[in-house]
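Worksheet: the structure to be examined is printed underneath.
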Amino acid sequence: MSMEQYYQIIHHPIISEKSTDLKGTNNQLVFKVAMNANKVEIKKAIEAIFGVKVLSVRTMRVVGKRKRLGRFMGKRPDWKKAIVKLKEGDSIDFFEGV
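Right under this line is the structure:
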């Protein structure tokens, strides 16, 4: 796979209170990924983009919320989340000092 394909798999990191806690305690990071990506592709993409060793990948599909605008109902799109566990000693710093 080329680097362009890796960047199509990994959309962006998810920075939240829970993901920050996972990073601090278990050396795990959370990413929004492509819906059709599998665990093997996600592992290869993270290792190629960031130059770290991935031990495990857990994925889940997140159902988009229903939203209402006046009398009209809509729905946000579904998306996929990946929790990636890195080897001890490896790290990816998105926001240093925050």
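The sequence shown runs 195 to 292 under this note's numbering. Each residue gets a CB set at the ideal place from its N, CA and C atoms; glycine is no exception.
Exclusion of the five residues before and after K269 leaves G258, R260 as the residues of its chain whose Cβ lies within less than 6 Å of its Cβ.
Per DSSP, the beta bridge partners of K226 are H206, K275. Between I236 and I209, the CB-CB gap reaches or exceeds 8 Å. If you ignore the 5 residues before and after R255, its C-beta comes within less than 7 Å of the C-beta of D272, K274, all in its own chain and listed in chain order. Under a 10 Å Cβ-count criterion, V227 is classified as buried, with 16 or more other Cβ atoms of the shown protein chains found around its own Cβ. Exposure of K212 is indicated by the presence of fewer than 16 other C-beta atoms within 10 angstroms of its C-beta. Counted as a single uninterrupted DSSP element, the stretch harbouring K261 is not any alpha helix (DSSP H) but the beta strand (DSSP E) occupying residues 260–263. Sequence-distant Cβ neighbours of K247 in its own chain, meaning closer than 8 Å and more than five residues away, are E241, L280, K281, D284.
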